[in-house]
Each structure stands twice: as structure tokens, then as C-alpha cells.
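Enquirer: Numbering (this note's numbering), first residue to last: 163 to 393.
All C-beta atoms in this analysis are idealised placements derived from N, C-alpha and C, irrespective of residue type, glycine included.
#1: For residue 215, is the classification buried or exposed, using 16 other Cβ atoms within 10 angstroms of its Cβ as the cut-off for buried?
#2: Around the Cβ of residue 246, are there at least 16 other Cβ atoms within 10 angstroms (buried) or fewer (exposed)?
#3: With DSSP as the reference, label residue 311 as helix, strand or coil.
#4: Report the residue from 350, 381, 367 and 189 whose alpha carbon sits nearest the alpha carbon of residue 356.
#5: Given residue 317, which residues of its chain have a CB within under 6 Å of its CB, disregarding the five upstream and five downstream residues?
#6: Given a cut-off of 9 Å, decide if residue 369 and residue 311 are closer than it, judged by their beta-carbon atoms.
#7: Using beta-carbon positions only, say whether residue 242 and residue 272 come within less than 9 Å of one another.
#8: If residue 217 sits next to residue 278, beta carbons under 8 Å apart, how far is it from one beta carbon to the other, in whole angstroms?
#9: Taking buried to mean at least 16 other C-beta atoms within 10 Å of its own C-beta, is residue 388 buried or exposed?
#10: Please determine, among 171, 276 and 250, the residue with the shortest C-alpha to C-alpha distance to residue 198.
#11: What does the alpha-carbon distance come out to for the pair residue 330 and residue 314?
#12: So for residue 185, helix, strand or coil by DSSP?
#13: Could you pull out every residue in the same chain whose Cβ sits closer than 8 Å to the Cβ of residue 235, ignoring the five residues on either side in sequence?
#14: When we look at the beta-carbon of residue 299 and count the other beta-carbons within 10 Å, is it buried (16 or more) or exposed?
#15: Please state whether DSSP places residue 255 in a helix, a strand or coil.
#16: Quick check on the DSSP output: the beta strand (DSSP E) that includes residue 234 runs from which residue to which?
#17: Can you give me the start and stop residues for the beta strand (DSSP E) that residue 327 sits inside?
#18: In terms of residues, what are the limits of the beta strand (DSSP E) holding residue 371?
#19: Taking the alpha-carbon positions, what's the residue 193 to residue 350 distance?
#20: Residues in the same chain with beta-carbon distance under 7 Å from residue 257, minus the five sequence neighbours each way, listed in chain order, please.
#21: Starting from residue 392 and walking both ways along the alpha helix (DSSP H), at which residues does that stretch end?
#22: What does DSSP give as the partner residue(s) for residue 208 in the beta ladder?
#23: Could you pull the DSSP bridge partners for residue 349 from this structure?
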């Protein structure tokens, strides 16, 4: 695996079937041409969001599109693909954004965002969320565009036939002591600021509850702590 640094990374809207040409459009095109002032023959890098980063040379700049000849490609493995972070709607938008950004920087690529009884905010701005995830992926030079799903109720967790780990401070089992089977898929479920009600815990029906710290953590701190440990 090669590690890239000190580059500007774009997200390519399309790549040719033979993998020899990629294209930038919309906001990526605008950023490359108007902000970064890239010209024909300049070298740039872009990811397809599916595990590859391409190094290329700009071959043509049109009115709304930019075309790049691929010089080299780098392939990466998604090291945390078996983990899905289930994050509640937090009352502070900045803390919610911060949690998402840091998770992506640490390599998390699968998210479920959900509402709960004690969530103050109830709606999700999916356009803004996807922009946050895309920006964090590019900033941290990641090759996988995070996937996000919205749950309107914790009841949707009940039907999942997957290992569901719920973080609960009163649990006698510690996260740091638990060994995870990396052949399985895990859903890590974090509570909102006021925690889950007992009714919600029954509705989620977790496989296991784990204690993350002796002291009480803010929701976003717990989320980032787990991402840091895994990465």
C-alpha cells in the first residue's frame, strides 16, 4: 500500500471503463479550475470512492467538465468495513459534524444516523451530511466514500440480524476487554445526550452492552473514542 501526502484530492464523477480517463464535474470541477487554478497538463489526484486513488494529467478542460489521463492508480483496503457506526441526532450541529468528520478521518466508512426519544433535533439534512462526509474523505486522503443510512426510529434496529453493540455506562463488560471476530459485521450503537430509555433498549434488542469509560462521556466523545481505538 502506498501512502500519499501533501496533495489535493478530488472525487471523480466518472471514470472510463478501461480506467484510463477520469472526469471532474460540478463542484469538483469548479474547485479544480476556479479555486486551485489547474490548467491542462497539470498533475492532479482523484478517488473513485471505491478504494482507488488516481494520479493523472489534465488533458482537456471544457465548460463544465475536466478530463484527466490516468498515469498511475493506487488501491487501498477498507480496514473498518465490518463496523457500522450508528450515531444519534445530536442537539448541537457542530458536535454532530465534528463526530462525523473525525470518524471519517479515522477510517470509518459505514454510518446509520437515527432519531431517538431524547433527541432534541429530529430531522436530518442529507445533502449537508453527504457534503461533510465527502469533504472529510478528501481532506484525510481516504479512498472510500462513506455510506450513510437514515433510521427514523430505533425500532429499525430490532430487525437487524447482526451483532449489535450498545454502549452503556452501567454495563459490567468493558469495550477494551472485548475481542471482536473480524469475520462478522458489527453495529456500534451510541446513545444521544440523554441516553436511551429502557423501552428503547428493549426495542433495539442489543447483542451486547459494553462500558466505554468509567466517567460519563459526551456522545461525540464516545463515538470518536471508539473510532480511534479501532483505527
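Expert: So, to answer that:
#1: Burial call: buried.
#2: Counting of Cβ neighbours within 10 angstroms places residue 246 among the buried residues, the total reaching 16 or more.
#3: Here DSSP, grouped into helix, strand and coil, assigns residue 311 to strand.
#4: Taking residue 356 as reference, the option from 350, 381, 367 and 189 with the minimal CA-CA separation is 381.
#5: Excluding sequence neighbours, residue 317 sits near 365.
#6: Taking C-beta atoms as the reference points, residue 311 and residue 369 fail to come closer than 9 Å.
#7: Judged by their CB atoms, residue 242 and residue 272 are nearer to each other than the 9 Å cut-off.
#8: About 44 Å separates the beta carbons of residue 217 and residue 278, which is beyond the 8 Å limit, so they are not a contact pair.
#9: Buried, since its Cβ has 16 or more Cβ neighbours within 10 Å.
#10: Measuring from the Cα of residue 198, the nearest candidate turns out to be 171.
#11: The alpha-carbon atoms of residue 330 and residue 314 are separated by roughly 21 Å.
#12: Shown here, residue 185 sits in a strand according to DSSP, grouped into three states.
#13: Its chain contains 181, 214, 215, 216 and 217 as the residues whose beta carbon lies nearer than 8 Å to that of residue 235, once the 5 sequence neighbours on both sides are disregarded; these appear in chain order.
#14: Classification for residue 299: buried.
#15: In this structure, DSSP gives residue 255 a helical state, which the three-state scheme calls helix.
#16: It spans 227-237 - the beta strand (DSSP E) in which residue 234 sits, taken as one unbroken run.
#17: Segment 325-329, the beta strand (DSSP E) holding residue 327.
#18: Annotation: the continuous beta strand (DSSP E) that includes residue 371 extends over 370-372.
#19: Using only the alpha carbons, I get a separation of about 35 Å.
#20: The answer, listed in chain order, is 382.
#21: 381-392 is the extent of the alpha helix (DSSP H) around residue 392.
#22: Beta-bridge pairing links residue 208 to 172 and 216.
#23: Residue 349 is bridged to 246 and 326.
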